[in-house]
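Protein chains in written order, with my numbering: chain F, 1326 to 1686; chain L, 158 to 464; chain E, 2 to 267.
Even for Gly, the Cβ is constructed at its ideal location relative to N, Cα and C.
Presented below is the structure to which this report refers.
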């Protein structure tokens, strides 16, 4: 049996977290529940408070108020070393004066685990992160990816209740990063530890997570499964932060949603009041014949620029109200055959089920 | 996998300040712990520096018959010997600071232009004297400069002079000896600040048509001024309160501020007068450092972290 | 010339600069060199270069009870100062580096006060204070006074070590189950030990070379080497002092090299 955290994985209940630095509020009344064994990502721009929240979870930043319960036990007043939380830092923070073995054995040594058991558990952890036989290496002899794995092994070898990761892949180059994303994901599936992951990379968040909490200015804007988050953003911020979007202002009146005098066909419930915009993703638009048919909304536009990108092309088009929208499609021969020319009038279509409205903040 | 519930809106929740008391107690405990680490050092500094100086300040406010008076300060303006001491002190300080700038700037400039390795070797010439006892160096200058010292013997041997030059036990001796001691205090911060001058700035200057001399004058020199200023301030301030070299090389003729303090307290046991001298010296020192900080927004004491 | 400094100015154009810089370097180093050479002279006259060589001034130094006693006092005081200042200074630097305390500016100013306050004032003040609590002419008094002067150097040296150290490592150690003290000793200290040793060496040398305060507060059986030298220099120029000076110069070189070696070790 490998290390198994599945049975010991615990849920985290975060509620009412307040954090102020002087008069500046970093987190205000933040609450969040993480299910046992869940991989949850905190996603947000820098300054959104995601790292602060992670540091509060680890115990390195003290909140002004709030509660963090792990499996029902309050940990917010516990010192970091009693929380039993594994943590992986952005720069790995491996101990350069210890070799790989001693780095990974460190948490076991603190827990006075016997020498024989330590050796066995470090060996298993090394095996798990595919670094078998590298125990005697010095830290400075490792590549970036290997360091990342050592940091990971060190954070899980003591079978912590929770694993926290602060942008652990941001120092790696693109291809290695994508590889490690999959590997981390698989490792999580295998071990099932409750994981809170921080990143500012929306693609990484979508690739890896069970759920993503999008943070902005110290608040959670939306928390959902990646596919929901992408397809049904609840706020303009989330729609703008995750994926590419164009925003088209619409009018809500007479029990319908109108754009340029046409009533939009949509599957979602109509918003009751307030100013709204339609979130348009580049890949949800397509070129259609001029008339509106079935469940497709037609948006007349003029082509501005067409940019060929190899696998796909991007078409910048201007709607009648002057808004610019972006259309992206793959370069299949049928699409390429009727590629519009700059200045040409076209009609863009969007399916009723792809119409998403968010409040215009 | 079960997905937990999320609530985004908690405005008006009763437990808004959940654990706030415990957390602030925690914060206070941590602050107390860190302060406990600081306190032995702070206590020592407080007991050995702040308390005695405060005490001396208090003493300086009373005259010999224990009456509150400004007599200890008034005599600075009345007695010629005090005025002479101040004048001498400032003369020495200006002369030494000037000499340090004159010799130190070219040396720091050279060091900053040398390749890293060569600069490292040359820096030894600055750092070794810096860490050699002031007494040893003063003794060396006594040996070199005295009436029958090396310089005079050599100069007379080769027939340049007939009579020994008065080099030690006078103003010149004090200035030479102190320049030697103060030079590293000017060179080290100046060198450090010159190292931070972006070579690309100079390249750009030359690229835009400035001659090497013009590049130096219009780009390098202005950029090196803050480093020079901090060296000048620290040297000047140290000169004002310097004791060992003038005491040994002044031949009893060059009485500087610190010597006056020593004489007043040790020789005449006039604590009030000595204390008043100390208070004014401290005030002048702090004023100069404060002025520097206000003008340049930096601490002049940075030299200590570069040793 | 290395690329980083490569300006289109030839070494020849710089010749005057090298000449001037070389002269200043000579000015800085010559006194020490002359003293070292003269300490091996056989003559009691200060002639240079010496006509005859001998070790008589070293014999006179090591043979004299007064000089030996004074040296022992200085060594004792310097060792104790280095130990105390390093302990207090490292603790203080750690607390300052944690940056959670208010008034850090005031604390810094207080801890480094002895660097800017004229030493003569510290000397007189310490003497005045010690006279009332009976610490003049005691080893304890000397160690306390020297510790105050060495403390800022230790604090600044250790602080610079801490600033170039990645505090995440201590945090990670704490998250892995080590308490704060334990994390410091297991993870942080091994990595800033070079700064701590450098700080200790600086503290030792500061104490060993200290003149002004010792002049006021040492005497009798606890006369320091520097105080005895100062008094000897006031009277007449005894070549024995050249031998002692040479020993002090060698000590400085040894300690500085040690600090340098440790500095390179990281």
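For residue 171/E, same chain residues with a beta-carbon under 7 Å away, outside a window of 5 residues either side, are 184, 185, 188 and 189 in chain order. The residues 295 and 299, in chain order, have a CB closer than 7 Å to that of residue 405/L in the same chain once the five nearest residues on each side in sequence are set aside. Among the residues facing chain F, residue 165/E is not included, as its CB has no counterpart in that chain under 9 Å away. For residue 1625/F, the uninterrupted beta strand (DSSP E) segment begins and ends at 1621-1633. A direct Cα-to-Cα measurement between residue 231/E and residue 432/L gives close to 24 Å.
With fewer than 16 neighbouring CB atoms inside 10 Å of its own CB, residue 1633/F falls in the exposed class. Its Cα nearest to that of residue 1453/F, the residue 1479/F stands out among 1479/F, 1440/F and 1442/F. Around the C-beta of residue 54/E, fewer than 16 other C-beta atoms lie within 10 Å, and the residue is accordingly described as exposed. With contacts defined as CB atoms closer than 9 Å, residue 1524/F and residue 1487/F fail to qualify as a contacting pair. Around the beta carbon of residue 1473/F, a 10 Å sphere encloses 16 or more other beta carbons of the protein chains shown; the residue is thus reported as buried. Note on geometry: alpha-carbon atoms of residue 223/L and residue 208/L lie some 20 Å from one another. Put simply, the backbone Cα of residue 83/E is about 22 Å away from that of residue 119/E. For residue 266/L, the nearest CB of chain E lies under 9 Å from its own CB, placing it at the interface with that chain. Following the DSSP letters along the chain, one finds residue 170/E in no beta strand (DSSP E) but inside the alpha helix (DSSP H) bounded by residues 169-176.
Put simply, the CB of residue 180/L is near chain F, with a gap under 9 Å to one of its CB atoms.
Judged by their CB atoms, residue 1352/F and residue 1367/F are not nearer to each other than the 9 Å cut-off. Secondary structure note for residue 1459/F: it is in no beta strand (DSSP E), with a DSSP letter that is neither H nor E. Only buried fits residue 1414/F, as 16 or more other CB atoms lie within 10 angstroms of its CB. For residue 379/L, the uninterrupted alpha helix (DSSP H) run begins and ends at 378-397, by DSSP.
Less than 9 Å divides the Cβ of residue 202/L from the Cβ of residue 112/E. By the criterion of a C-beta distance shorter than 6 Å, residue 287/L is surrounded in its chain by 341, once the five residues flanking it on both sides are discounted. In this structure, 87/E is the residue among 239/E, 87/E, 219/E and 148/E with its C-alpha nearest to the C-alpha of residue 199/E. Below the 7 Å Cβ cutoff, chain E contributes 191 and 192 as neighbours of residue 1422/F, in chain order. Selection 447/L, 377/L, 351/L and 219/L evaluated against residue 360/L yields 377/L as nearest (Cα-Cα).
At a Cβ-Cβ threshold of 9 Å, residue 308/L and residue 292/L do not count as neighbours. A straight line joining the alpha-carbon of residue 1374/F with that of residue 1546/F spans about 12 Å. Residues of chain E with a Cβ closer than 8 Å to the Cβ of residue 446/L are, in chain order, 117. Identification of residues in the stretch 1400-1418 of chain F having a C-beta nearer than 9 Å to some C-beta of chain E yields 1404, 1405, 1406, 1407, 1408, 1409, 1410, 1411, 1412, 1413, 1414, 1415, 1416, 1417 and 1418, given in sequence order.
The C-alpha of residue 187/L is placed about 41 Å away from the C-alpha of residue 1457/F. With fewer than 16 other CB atoms across the displayed protein chains lying within 10 angstroms of its CB, residue 1595/F is exposed. A distance below 6 Å between beta-carbons, with the five flanking residues on each side excluded, links residue 1611/F to the following residues of its chain, in chain order: 1674.
In summary, residue 260/L is buried, with 16 or more beta-carbon neighbours lying within 10 Å of its beta-carbon over all protein chains present.
Between residue 250/L and residue 383/L, the alpha-carbon positions lie close to 20 Å from each other. If only uninterrupted alpha helix (DSSP H) runs of at least 4 residues are considered, those enclosed by the stretch 203-230 of chain L are 208-216. Contact of residue 183/L with chain F is assigned, a C-beta pair being separated by under 9 Å.
Less than 9 Å divides the Cβ of residue 1624/F from the Cβ of residue 1585/F.
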